[in-house]
Structures are given as C-alpha cells and as structure tokens.
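Counting in our numbering, the first sequence runs from 206 upward without gaps.
Structure first, commentary second.
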Amino acid sequence: MHWADHTAMRLSKQYDSQVIASGITPSGEFHIGHLREILTAEMIHRACLDAEIDSEYIFIVDSMDPLRRVYGFLSEEYQEYIGYPLVNIPAPNPDGTPNHEGGNYANHFLQPFLEALKEIGVHPKVVMNHETYDSGDFATKIDLAIQNKDKIHEIIENISGRELPEEWFPYNPIGSDGSMDGVKVTGYEIPYVSWIDRHGVEGRSDIRKADGKMPWRVDWAARWGIHGITCEPAGKDHGASGGSFDTGIPICELLGSKPPGKMVYEWIQLKGSGPMSSSSGNTIGPIEALNLVPPEILRYIIARTKVKKHIDFDTGPSLFETADEYERLVSNPPSGDNLNKKKMVARDTILGSLRLSQVNRGDDPSKSIAGVSFRHLAMLAQIKSNDQDIWDSLNKSKHINGEPNLALIGRLSRMRNWIEGAHFPENARIKIQEKMNDENKEKITKEQRIFLLSLLTKLENCVWSESQISQLIRDTTKELEINPREGYVALYLLIIGRDYGPRIASIITELGKEETIQIFSKSF
RNA sequence: GGGUCUGUAGCUUAGUCAGGUAGAGCACCGGGCUUUUAACCCGGGGGUCGCGGGUUCGAACCCCGUCAGACCCGCCA
206 MHWADHTAMR LSKQYDSQVI ASGITPSGEF HIGHLREILT AEMIHRACLD AEIDSEYIFI
266 VDSMDPLRRV YGFLSEEYQE YIGYPLVNIP APNPDGTPNH EGGNYANHFL QPFLEALKEI
326 GVHPKVVMNH ETYDSGDFAT KIDLAIQNKD KIHEIIENIS GRELPEEWFP YNPIGSDGSM
386 DGVKVTGYEI PYVSWIDRHG VEGRSDIRKA DGKMPWRVDW AARWGIHGIT CEPAGKDHGA
446 SGGSFDTGIP ICELLGSKPP GKMVYEWIQL KGSGPMSSSS GNTIGPIEAL NLVPPEILRY
506 IIARTKVKKH IDFDTGPSLF ETADEYERLV SNPPSGDNLN KKKMVARDTI LGSLRLSQVN
566 RGDDPSKSIA GVSFRHLAML AQIKSNDQDI WDSLNKSKHI NGEPNLALIG RLSRMRNWIE
626 GAHFPENARI KIQEKMNDEN KEKITKEQRI FLLSLLTKLE NCVWSESQIS QLIRDTTKEL
686 EINPREGYVA LYLLIIGRDY GPRIASIITE LGKEETIQIF SKSF
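As structure tokens, this is what we get:
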C-alpha cells in the first residue's frame with residue numbers, strides 16, 4: 206500500500222474528519238525541499254479523500270515569525286528589521302535592498318511559491334499566521350499558556366534538555382520599534398501583556414491582536430488545537446528526539462487539545478552538495494524545477510519515495526531515469542490478479558504513486574503520457590530547432606500518430622529550457638565537433654576515410670534535405686562496398702566525436718551545408 | 001554525550017508495520033528488427049538483504065548487539 210493511503214487509513218481510525226496541515230516560514234526563497242513538506246501533507250489529504258474520508262488541507266504561513274538575521278541575499282539595511290515579524294517588513298529588491306513599495310517580505314516569497322503550487326495541482330487553504338493572531342483566535346491559548354507558564358517552561362527544559370532563561374515567557378510582545386528582540390515582559394492582566402523594550406519604552410500588547418506571538422515551540426502546539434489539526438508531517442529537524450514535535454505534544458495537551466500523531470519526513474538534498482539552503486545558494490526553486498520537468502514528474506519524485514527516505518534531487522541523468530520510469534509505468538501500469546501478497550502490495554504501491562502524481566485529483570494517469578522517452582526527446586530537441594520537424598520525426602518513428610498532445614508539447618518546451626540551462630547532463634549533450642580529433646583519426650580505417658572523402662564531394666553538390674543526405678550515405682557505402690555500419694561509425698566520429706548517436710542525417714541537415722563541409726575539410 | 005532515521009544487484013529501489021520460495025526498473029551482455037533516431041522487440045547474467053548473535057519449523061522482516069551514513073538536541077522543510 207502507498208504510504209499516503211496507509212497514513213490515511215491510520216488517521217481514519219483516530220479521527221472522523223481530517224485537517225492535514227503544512228507550515229513554512231517565508232524567510233527566503235522557497236525551494237524544492239519545501240515541496241516535500243507540502244506534497245507529503247497534500248498526498249495524505251488526497252489519499253483521505255480517495256478513501257472517502259472527510260479532509261481539509263491547510264498551509265499555514267509563519268508570517269508572524271521574526272527576521273532572525275540578515276541573510277546572505279539581503280543588504281545590511283535589513284539589520285534594523287531583525288526581530289520584526291516578516292509580514293511587517295518590506296520585501297527585498299533583487300539587489301537585496303528593501304523595496305518600500307514592493308509589499309511585505311512574507312508575501313514577496315510566498316506568492317511565487319503559491320503560483321508554482323497551483324501548477325503542481327496543490328490548492329491549499331492558505332492561513333497567514335499573523336491573521337490568526339490578529340483575529341484573536343490565539344487569545345485563549347495564549348492566556349492558558351501564560352497561566353501555565355511554569356509547566357511549559359518545565360516541559361521544554363525536560364524534554365529538549367535545554368535551559369531556558371529565568372525571565373522566559375510564553376509570549377513575545379512587539380516593542381515600540383516593531384521588534385520582538387529585547388522586549389521584557391513586566392506583567393500580565395488578561396488580555397494585556399505589559400512590557401518594557403530595549404529603548405526603555407513601556408507598553409502593553411493585546412493578546413487578541415497581532416501585537417506579539419508565542420515562541421515557536423508553543424505556537425506550534427497551540428495552532429494544532431486552534432485549527433483542529435489531525436496530521437502535520439514535520440521535517441526531521443522537528444522530529445528529532447527532544448525537538449519541537451516532542452515538546453509540542455504535551456504542550457498541546459496542556460493547552461486543552463489533542464495533538465496530531467508524530468510524522469517525520471526526510472529532507473531533499475541536491476545531489477552531491479548536501480542539504481538545501483537558501484543562504485548558501487545551494488538551492489533549486491520549485492519554479493526552476495518546473496521549467497525542467499512537468500509537474501506530474503515533480504510529484505512523482507515525492508510520491509515514489511517513502512517519507513523517511515532522503516531524496517537526492519539530481520537535475521542530471523537520474524532525472525531522465527525517473528521521468529522515463531514514470532512514462533513507462535503510466536503507459537504500462539502494473540496489473541494482474543492472482544498475485545501473492547507481496548506482489549500485490551508492490552503493485553498497489555506503484556499504482557498509488559501514479560494516482561497521487563496526477564496534477565488534478567482523479568485524473569487518468571494515461572492523459573499525461575507523452576509517448577516519447579525523455580532521452581529520445583532530448584536528442585530530437587538538440588538536433589532540430591523547429592518543433593514541427595520534431596513532430597514529423599515522431600510520426601515517422603511511430604511514437605505518435607498525428608498531432609502531438611498537450612503533454613508532449615509541454616514536455617518539449619521544458620526540454621528546450623533544460624538543454625539551454627546548466628543542469629542538463631553532459632553525457633546527454635550532443636557536441637558538434639569542429640574537426641575530427643587525432644584520437645578519432647587513428648580509429649578510422651583507410652576504407653572509412655575514403656568513404657568520408659567520397660561522401661564529401663557528393664554533399665557539396667546535393668540538395669540539402671534529410672532524405673537526400675540519408676540516400677547519399679547509403680549510396681556511398683554501396684558504391685564502395687563497405688558495411689553501412691562502418692560508414693555510420695566514421696560519420697559519428699567525425700561529427701559528434703563518438704562512435705554512435707542519433708540519426709546522423711538529421712544532424713547534418715540541421716547543421717547546414719556550409720558548416721558540414723567545414724568539418725569535413727578541416728579534418729582532412 | 002543523548003537520540004532519530006537509513007543501509008536489499010554496479011545504480012535507483014519494492015517487500016519490513018500484519019515472519020512463509022528476495023521482485024522491479026536503469027545500466028550491462030546476447031539476439032532480433034534494418035534506411036542505425038541514444039528508437040523499438042525478445043532473452044540473459046548479476047543479491048551471504050551492512051555485520052554478528054538470539055527467538056522461531058521458518059527471519060530482509062521480530063529482539064539484542066555492532067558497524068557505516070544522514071540528521072537533530074539554538075533557528076532551519
């Protein structure tokens with residue numbers, strides 16, 4: 206059974222209806238790591254719906270979280286905003302300076318991410334956490350937390366093993382300058398928390414407003430109750446023993462609610478360069494990823510991997526493999542009855558992955574079949590600049606019959622992006638040689654050499670079309686009575702520097718007469 | 001130091017929760033097709049399930065130990 210279906214089953218035994226949640230702090234550019242958070246939750250949500258379990262999926266944006274430091278992509282001017290809720294500070298310009306007309310910081314990073322989610326078929330109910338504070342929905346929990354301040358203090362110290370300062374308080378008010386840093390609580394009388402800030406200014410915060418927030422570990426536990434969350438997969442950082450999940454459970458209970466069960470997912474790493482991090486620039490954004498691969502394959506990458514396994518996201522060769530694997534499975538899904546238990550489980554797991562990879566819930570996976578492997582399309586896209594030529598070629602090779610479908614058109618345009626970008630795998634790249642290198646010259650026999658020279662004279666005076674060129678190659682091998690294979694190998698060595706490759710006549714046609722002849726004449 | 005997760009074929013992995021003959025794909029090798037598209041079709045080899053013990057009629061699966069990797073215990077998906 207697929208992990209999402211399994212989780213859905215488990216949840217249905219505990220609660221009648223589900224609220225599945227994700228939570229992310231919009232402190233910088235979103236990356237595909239965040240996509241795992243979102244998709245893990247969203248797939249469980251879909252699995253619930255598919256099992257006819259009532260379910261809602263919410264995405265809580267931690268817009269009240271303070272700016273913790275000046276990240277690498279920000280200018281020094283952000284120093285003054287440290288400690289401010291992200292929703293209250295200006296968005297950065299591309300150069301990192303604050304843009305006072307550009308809306309707030311949280312939204313700046315959130316909006317493009319939501320756009321990407323739409324394309325991936327994720328339509329969450331978005332909850333801006335600052336609005337939950339501002340609406341007063343947090344007030345009861347804040348009051349309870351303050352009343353139980355010592356117990357919460359103890360829970361955090363005991364479970365996380367970390368010492369909290371004496372003056373620790375389960376509510377951080379915003380001071381006179383807008384920052385939560387250096388604000389000391391001096392008293393509490395419902396609904397006001399009074400304080401003195403680092404400038405010596407005194408004031409009070411209304412717990413029914415966004416005048417402050419609870420610290421992370423308490424905030425998280427409180428919101429489980431406020432939204433009635435039954436499942437919130439958490440990154441393994443939160444899942445560690447003594448981490449915020451472990452402290453959240455008793456705190457949530459203390460605040461009068463039933464916590465969700467613990468569920469922890471592994472991180473996505475960029476192959477070879479460790480965990481993703483916006484500050485180190487070691488990141489691929491969801492938008493960038495969508496420019497390379499179709500959304501269903503992005504979903505498939507998450508769906509096919511068990512939650513507790515880490516994913517190496519590799520924009521190179523293994524992306525080809527995964528994409529082709531998807532294509533294969535979709536066009537030829539596992540089936541059959543009378544299987545033993547293990548095979549049935551395996552079959553259902555794969556079918557589950559395909560089902561959950563669909564952009565729209567309930568879509569027939571076969572609609573996303575492009576009918577061509579990524580590898581093959583990559584090759585065509587490199588040797589043919591005109592899309593129509595590619596459709597013609599695919600018709601000729603019987604990959605498609607007639608006009609290309611939408612899936613295929615979208616795939617080709619992404620393929621062209623991929624090829625142009627830095628992420629395209631080198632071994633799939635076709636490199637046209639300037640001339641034959643010495644190493645390859647040695648590989649060539651005398652007959653092959655004669656073949657190439659003879660072909661050259663024919664090419665100089667022919668009509669430049671693929672069928673003509675193809676014909677000339679075959680004619681020449683016949684005339685010289687050499688094995689056609691030998692002739693092709695010689696041509697491949699000459700033009701792309703390897704002894705095999707895609708249909709050579711296509712490449713030559715695409716190169717044009719002048720350039721082709723150049724390669725020939727520079728080589729001999 | 002304390003803890004969590006992961007370890008199955010060269011690579012990616014299914015199967016571990018409910019013990020019952022280790023199963024795929026990629027890659028590789030061989031064959032076919034033949035106008036050589038890196039396409040397509042057929043076949044094949046390849047696994048002491050990290051290691052050691054225990055429980056059991058029977059262990060990849062349960063228990064104990066051990067090794068390796070990743071991560072957490074301030075903030076991070």
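We put the beta carbon where it would ideally sit given N, CA and C, even for glycine.
Bear in mind that the values here come from a model prediction, so they are computed numbers and not experimental data.
Review point. How long is the line joining the alpha carbons of M584 and I614, rounded to whole angstroms?
Key: 15 Å
**Study point:** Entirely enclosed alpha helix (DSSP H) segments - the stretch 408-482, minimum 4 residues
**Key:** 421-432, 441-444, 449-459
Check your understanding: When burial is assigned at 16 or more other CB atoms within 10 Å of the CB, is I395 buried or exposed?
Key -> exposed
Practice item. Measure how close the beta-carbons of E691 and Q653 come, nearest whole angstrom, since I'm counting them as under 8 Å. Key: 6 Å
**Study point:** Close beta carbons around M641, own chain, < 6 Å, minus the five adjacent residues each side
**Key:** L699, S728
Practice item. Return the first residue and the last residue of the beta strand (DSSP E) that M269 is part of. Key: M269 -> no beta strand (DSSP E), and no H or E assigned at all.
Practice item. Measure the beta-carbon distance from V170 to A311 and round it to whole angstroms, keeping in mind my assumption that it falls under 8 Å. Key: Lying outside 206 to 729, the shown extent of the chain, residue 170 is not represented and no answer is given.
Point to revise | Length of the line joining the Cα atoms of V398 and G392 | key: 6 Å
Check your understanding: Where do the ends of the alpha helix (DSSP H) carrying M620 lie?
Key -> 611-625
Review point. What three-state label does DSSP hand N591 in the structure shown?
Key: coil
Check your understanding: So, do the stretch 409-419 and the stretch 329-343 have three or more beta carbon pairs nearer to each other than 8 Å?
Key -> yes
Practice item. Check D156 in the structure and name its three-state DSSP category. Key: Here the chain comprises residues numbered 206 to 729, so residue 156 is not present and cannot be evaluated.
Review point. Taking the alpha-carbon positions, what's the I674 to L658 distance?
Key: 15 Å
**Study point:** Supposed close pair P500, E285 - CB separation, criterion 8 Å
**Key:** Between E285 and P500 the Cβ distance is about 40 Å, and since that is not below 8 Å, they are no contact.
Practice item. Kindly indicate which three-state DSSP category W400 falls into: helix, strand or coil? Key: strand
Practice item. Find the nearest neighbour of I431 within the set Y338, T302, S381, judged by alpha-carbon distance. Key: Y338
Practice item. Would you mind giving the Cβ-Cβ distance between Q587 and I635, rounded to the nearest angstrom? I have them listed as a contact below 8 Å. Key: 5 Å
Review point. What is the DSSP secondary structure of D358, reduced to helix, strand or coil?
Key: Sequence check: residue 358 is His here, not Asp. It is helical.
Review point. For D270, does the count of other Cβ atoms within 10 angstroms reach 16, so buried, or fall short, so exposed?
Key: buried
Exercise for review: Determine the direct distance from the alpha carbon of E368 to that of G387, and round the result to whole angstroms.
Suggested key: 18 Å
Review point. Taking the alpha helix (DSSP H) that F656 falls in, what are its first and last residues?
Key: 651-665
Exercise for review: Label S598 either buried or exposed according to how many other C-beta atoms from any shown protein chain fall within 10 Å of its C-beta, with 16 as the threshold for buried.
Suggested key: buried
**Study point:** Which listed residue (P465, G706, Q723, E686) has its alpha carbon closest to that of T662
**Key:** Q723
Exercise for review: From the DSSP output, in three-state form, read off S578 for me.
Suggested key: coil
Point to revise | Residues bridged to A256 [DSSP beta-bridge criterion] | key: DSSP lists no partner for A256.
Review point. For D416, does the count of other Cβ atoms within 10 angstroms reach 16, so buried, or fall short, so exposed?
Key: buried
Point to revise | For E394, three-class secondary structure by DSSP | key: strand
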